[in-house]
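Chains as they are written, first to last, in numbering that gives the first Met the number 0: chain Z, 0 to 291; chain D, 0 to 291; chain B, 0 to 291.
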Amino acid sequence: MKNLLSMEHLSNEEIIAILDRAQDFENGMEPNLKHSYNVANLFFEPSTRTKTSFEMAERRIGCTVIPFDAGFSSTTKGETMYDTVKTLEMIGIDAVIIRDKEDEYYNELLEGINCAVINAGDGAGQHPSQSLLDLYTIRKEFGKFEGLNITIVGDISHSRVAKSNATALTCLGANVRFLCPPTWAGDFEAAHSWDEVLTDSDVIMLLRIQHERHSVSKNFSKESYHEEFGLTPVREKQMKDGAIIMHPAPVNRDVEIADELVECERSRIFEQVRNGVFTRMAIVETILKGRE
Amino acid sequence: MKNLLSMEHLSNEEIIAILDRAQDFENGMEPNLKHSYNVANLFFEPSTRTKTSFEMAERRIGCTVIPFDAGFSSTTKGETMYDTVKTLEMIGIDAVIIRDKEDEYYNELLEGINCAVINAGDGAGQHPSQSLLDLYTIRKEFGKFEGLNITIVGDISHSRVAKSNATALTCLGANVRFLCPPTWAGDFEAAHSWDEVLTDSDVIMLLRIQHERHSVSKNFSKESYHEEFGLTPVREKQMKDGAIIMHPAPVNRDVEIADELVECERSRIFEQVRNGVFTRMAIVETILKGRE
Amino acid sequence: MKNLLSMEHLSNEEIIAILDRAQDFENGMEPNLKHSYNVANLFFEPSTRTKTSFEMAERRIGCTVIPFDAGFSSTTKGETMYDTVKTLEMIGIDAVIIRDKEDEYYNELLEGINCAVINAGDGAGQHPSQSLLDLYTIRKEFGKFEGLNITIVGDISHSRVAKSNATALTCLGANVRFLCPPTWAGDFEAAHSWDEVLTDSDVIMLLRIQHERHSVSKNFSKESYHEEFGLTPVREKQMKDGAIIMHPAPVNRDVEIADELVECERSRIFEQVRNGVFTRMAIVETILKGRE
Chain Z
0 MKNLLSMEHL SNEEIIAILD RAQDFENGME PNLKHSYNVA NLFFEPSTRT
50 KTSFEMAERR IGCTVIPFDA GFSSTTKGET MYDTVKTLEM IGIDAVIIRD
100 KEDEYYNELL EGINCAVINA GDGAGQHPSQ SLLDLYTIRK EFGKFEGLNI
150 TIVGDISHSR VAKSNATALT CLGANVRFLC PPTWAGDFEA AHSWDEVLTD
200 SDVIMLLRIQ HERHSVSKNF SKESYHEEFG LTPVREKQMK DGAIIMHPAP
250 VNRDVEIADE LVECERSRIF EQVRNGVFTR MAIVETILKG RE
Chain D
0 MKNLLSMEHL SNEEIIAILD RAQDFENGME PNLKHSYNVA NLFFEPSTRT
50 KTSFEMAERR IGCTVIPFDA GFSSTTKGET MYDTVKTLEM IGIDAVIIRD
100 KEDEYYNELL EGINCAVINA GDGAGQHPSQ SLLDLYTIRK EFGKFEGLNI
150 TIVGDISHSR VAKSNATALT CLGANVRFLC PPTWAGDFEA AHSWDEVLTD
200 SDVIMLLRIQ HERHSVSKNF SKESYHEEFG LTPVREKQMK DGAIIMHPAP
250 VNRDVEIADE LVECERSRIF EQVRNGVFTR MAIVETILKG RE
Chain B
0 MKNLLSMEHL SNEEIIAILD RAQDFENGME PNLKHSYNVA NLFFEPSTRT
50 KTSFEMAERR IGCTVIPFDA GFSSTTKGET MYDTVKTLEM IGIDAVIIRD
100 KEDEYYNELL EGINCAVINA GDGAGQHPSQ SLLDLYTIRK EFGKFEGLNI
150 TIVGDISHSR VAKSNATALT CLGANVRFLC PPTWAGDFEA AHSWDEVLTD
200 SDVIMLLRIQ HERHSVSKNF SKESYHEEFG LTPVREKQMK DGAIIMHPAP
250 VNRDVEIADE LVECERSRIF EQVRNGVFTR MAIVETILKG RE
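So this is what it looks like as structure tokens:
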């Protein structure tokens with residue numbers, strides 16, 4: 000695997016190999032790289048958990064992280080993504096981790112770039128490292144994917160998490176359903192009421208209402224969204240035994256999920272963050288080893 | 000000591016222990032931590048010396064510093080301080096050092112957060128690491144606190160340095176006085192003329208006029224402030240033998256203090272910066288050891 | 000050599016010594032410093048390649064890099080460059096690398112500052128590390144400077160690269176010529192047509208049209224600049240055998256140079272970036288050794 004751009008490029012075998020390696024790291028196994036590599040994190044959109052998680056993961060597998068400040072780089076003078084990444088490659092960077100607001104920004108990097116590219120989120124496209132940590136979290140919980148009912152709730156059409164996860168989970172044998180307001184389903188077939196999905200879901204995966212992605216009309220009300228599509232304490236009680244709650248975060252408390260449920264027993268929201276470090280160690284190691 | 004939030008939480012013994020440990024570090028002693036820790040510096044307000052000083056201190060005691068860019072973090076999407084810190088904790092951060100514009104922002108971190116919190120300035124509240132380095136500077140100079148006349152000059156009511164220092168110095172036996180324009184005293188009793196405090200002060204501690212904290216009215220004139228409350232060469236000559244000048248910086252030259260006095264013989268302004276690294280090594284080490 | 004501020008301060012011998020040391024590093028030689036030093040990169044203007052290149056070079060010679068965020072530092076509260084650098088010095092920084100929009104910002108650092116200052120670009124002044132990497136690139140190509148025809152093309156009067164390179168290359172025996180629109184020559188004598196310089200140039204060194212430096216009038220048209228002064232495929236074919244193309248980048252594709260020529264066989268544009276790391280390793284090591 001030379002790059003990690005989209006879940007759609009990964010076979011089931013490649014996915015399982017990354018999850019197994021993440022498990023190795025959680026079990027305390029040491030990284031297995033021939034030498035120390037140089038990496039850079041290019042985040043052209045705000046991020047706390049994804050960026051910090053990669054920063055931690057990279058150091059834990061022995062990489063040197065060269066700082067890159069997107070808001071103070073030459074991209075502000077109009078330099079293209081290609082020229083920026085090619086420059087970093089010539090400086091000696093072995094892998095770049097990129098988040099950008101453009102869908103498939105990475106297409107201009109497919110030719111002429113030799114350093115590895117790891118997609119940390121492209122516009123409303125894919126977010127494969129989030130997807131892999133979600134898969135890791137689910138497998139850790141249930142030991143399998145086959146036959147699980149997984150309900151993804153929220154702004155499906157604009158969510159890169161929804162797309163990445165739907166692709167992969169379906170391939171791995173899970174039964175993926177969607178729940179959202181009628182206008183938010185995009186090309187997906189979705190339920191529009193909790194009644195259809197609440198009681199038989201093994202995983203309820205909430206998506207963030209992305210105010211910053213213009214997905215929300217002027218008529219949107221947090222209160223009425225919460226009432227109709229939010230996970231409330233009443234709904235949580237109806238979930239089946241052993242079912243879990245997930246959210247890629249940051250959470251809008253009392254919108255997607257009631258404030259008091261964020262750290263409830265069923266919630267794996269902060270556990271997902273913890274799992275993200277092991278998963279990203281596995282991702283970056285796998286990509287770098289693919290070049291040795 | 001699990002966190003360092005306010006000087007008011009520290010006993011005299013705890014203060015002295017930190018100052019002694021800072022002295023150890025200045026004497027070249029090695030840090031004494033069982034392993035390497037991960038820390039992150041969350042500065043939601045601009046800072047040069049406090050942030051850079053912590054960055055240096057953390058590395059000198061063997062910590063790994065995970066970069067955090069406040070202006071490009073998920074807090075810009077509305078993520079709460081609690082969720083931000085909890086996220087960093089799950090990523091593997093052992094201690095966060097935080098500066099924020101809200102007074103007592105740390106109250107929402109007192110429950111549910113396991114990583115250590117070190118306050119690097121909260122709004123118009125406290126600034127304990129600055130206070131401890133000031134105490135270190137004074138003790139290094141005089142060998143004691145008892146009986147020293149210490150005059151704090153400037154915008155007392157909005158200054159976190161004034162509050163942190165007044166609390167601690169009084170407990171340690173110093174005689175703390177204030178000098179400021181009548182409207183700037185807040186709840187403190189203050190002199191309004193240099194005549195009352197100039198010649199018998201052992202320490203003159205100038206505060207920064209914080210334009211950015213709206214403490215200054217439209218009628219404020221730098222020239223007239225300097226004339227009435229600034230430390231001028233004429234006033235410096237009247238200071239007693241061995242008396243010193245302090246300022247937490249950044250200095251507004253020719254406002255709080257005449258340009259030519261910033262590096263004069265009595266000035267400890269840049270020496271304070273130097274002492275800050277030893278003091279912060281002691282602070283971070285103490286907090287991390289409290290968790291071993 | 001205590002600081003590196005301007006190419007005008009360097010003798011030919013000092014230049015050659017740095018180029019030789021850069022060659023050592025490209026050959027894989029180890030750095031030769033007595034201990035690990037602390038450095039900080041103060042970039043008050045956006046930069047990708049210069050900043051990242053210094054970051055890499057500093058780590059490769061064993062330095063600890065203390066992060067400094069110009070846009071979030073106390074300079075935003077009005078702190079002077081002197082006070083900022085003096086503060087970093089007291090914190091334990093051994094060398095600062097500075098880019099600033101003010102010409103000769105470093106003049107206020109010549110007295111009172113003990114840490115080393117390396118100029119990474121001052122306004123429309125000098126850019127010595129870029130100049131040295133350009134010299135390194137030329138020498139690697141031709142093995143000499145004497146007698147080479149080197150043509151610098153573009154916004155000469157506002158370019159710090161043009162100034163730094165013209166000074167040094169002339170001293171080293173090269174024949175430096177300029178090509179630019181009549182109003183852009185400043186104090187330099189310049190050709191205004193490719194006919195005068197194209198076929199006998201050994202090096203064509205293109206400069207970036209710096210939109211952000213207000214050098215471009217409202218009447219400026221990218222298309223007509225490219226037609227008249229850009230390096231087009233037709234012109235490239237007329238260049239002499241073995242002649243090379245250079246550009247400090249970021250490149251405005253299809254303005255200074257046709258898009259398809261950026262990575263053509265004659266182009267050394269990305270090779271310059273690669274050479275920059277070796278050159279900056281030599282610069283920082285030389286400056287730090289000058290203090291041992």
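Glycine is no exception: its CB is placed at the ideal position from the N, C-alpha and C atoms. Remember, predicted model here, so these are calculated numbers, not experimental data.
Using the Cα positions of Ile249(B) and Arg207(B), report the straight-line distance between them to the nearest angstrom. The residue you asked about is not Ile; residue 249(B) is Pro in the sequence shown. Going from the Cα of Pro249(B) to the Cα of Arg207(B) covers about 7 Å.
Under the assumption that Leu197(D) contacts Gln237(D) (Cβ atoms under 8 Å), give the Cβ distance between them as a whole number of angstroms. 5 Å
Within the stretch 36-74 of chain D, ranges of the beta strand (DSSP E) (whole runs, at least 3 residues): 37-42
Of the residues that make up the stretch 68-91 of chain D, which ones have a beta carbon closer than 9 Å to any beta carbon in chain Z? Asp68, Gly70, Phe71, Ser72, Ser73, Thr74, Thr75, Lys76, Gly77, Glu78, Thr79, Asp82, Thr83, Lys85, Thr86, Leu87, Glu88, Met89, Ile90, Gly91
Does the beta carbon of Leu287(B) come closer than 9 Å to any beta carbon on chain D? no
Counting only C-beta atoms, is Thr150(Z) closer than 9 Å to chain B at any point? no
Going along chain Z, which residues have a C-beta under 8 Å from Ser46(B)? Phe71, Ser72, Ser73
Measuring only between beta-carbons, confirm whether Arg252(D) sits less than 9 Å from chain B. yes
Mind listing the chain D neighbours of Thr63(B)? Cutoff is C-beta to C-beta under 7 Å, in chain order. Arg58
Would you mind stating whether His58(D) and Gly275(D) have Cβ atoms separated by less than 9 Å? It is worth fixing the name first, because residue 58(D) is Arg in this sequence and not His. Contact: no.
Range of the contiguous alpha helix (DSSP H) that encloses Arg159(B): 159-170
Alpha carbon of Gly27(D) to alpha carbon of Cys114(D), nearest angstrom: 28 Å
So Gly120(Z) is in the beta strand (DSSP E); what residue range does that whole segment cover? 115-121
Phe277(Z) vs Glu25(Z) beta-carbon contact at 9 Å: yes
Helix, strand or coil for Ala94(Z), going by three-state DSSP, please let me know. strand
Chain B contact for Met55(D) (CB, 9 Å cutoff): yes
Residues near Ala257(D) in its chain [Cβ-Cβ closer than 6 Å; skip 5 each side]: Thr231, Pro232
Residues of the stretch 110-133 of chain Z with Cβ closer than 9 Å to any Cβ of chain D, in chain order: none
Below 7 Å on C-beta distance, what does Thr51(D) contact in chain B? Ile65, Phe67, Leu87, Ile90
How many angstroms separate the CA atom of Thr63(D) from the CA atom of Glu107(B)? 34 Å
Output the distance between the C-alpha atoms of Leu171(D) and Phe144(D), rounded to the nearest integer angstrom. 6 Å
Determine the contact status of Asn31(D) and Ile96(D), defining contact as a CB-CB distance below 9 Å. no
At a Cβ threshold of 9 Å, is Arg273(D) touching chain B? yes
Residue range of the unbroken alpha helix (DSSP H) whose run includes Thr150(D): Taken as a continuous stretch (DSSP letters only), Thr150(D) belongs to no alpha helix (DSSP H), being part of the beta strand (DSSP E) at 148-152.
Once the 5 residues before and after Phe141(Z) are set aside, which same chain residues still bring their CB inside 7 Å of it? Leu147, Asp201
Within 9 Å of any Cβ in chain B, is that where the Cβ of Ala16(D) sits? no
Closest residue to Tyr104(D) among Ala56(D), Val84(D), Ala94(D) (Cα-Cα distance): Val84(D)
Take Glu101(Z) as the anchor and find which of Gly111(Z), Asn118(Z), Leu131(Z), Thr166(Z) has the nearest alpha-carbon. Asn118(Z)
So Gln125(Z) packs on Ser5(Z), CB below 8 Å; how close in whole Å? 4 Å
Could you tell me whether the Cβ of Pro249(B) comes closer than 9 Å to any Cβ of chain Z? yes
Same chain, Cβ closer than 8 Å to Glu262(Z), neighbours up to 5 away in sequence not counted: Ile268, Phe269
Apart from the five residues just before and just after Trp193(Z), which ones in its own chain have a Cβ nearer than 8 Å to its Cβ? Leu178, Phe228, Arg234
Partners in chain D for Phe144(Z), counting only beta-carbon separations shorter than 8 Å: Result: empty, since nearest Cβ-Cβ is about 24 Å, beyond 8 Å.
Using only the heavy atoms of the ligand FMN, determine whether one of them is closer than 8 Å to the beta carbon of Leu87(Z). With respect to the ligand FMN, the structure offers nothing, as it holds no ligand at all.
Within 10 Å of its beta-carbon, does Lys1(Z) have 16 or more other beta-carbons around it, so buried, or fewer, so exposed? exposed
Local conformation of Val283(Z) per DSSP, three classes: helix
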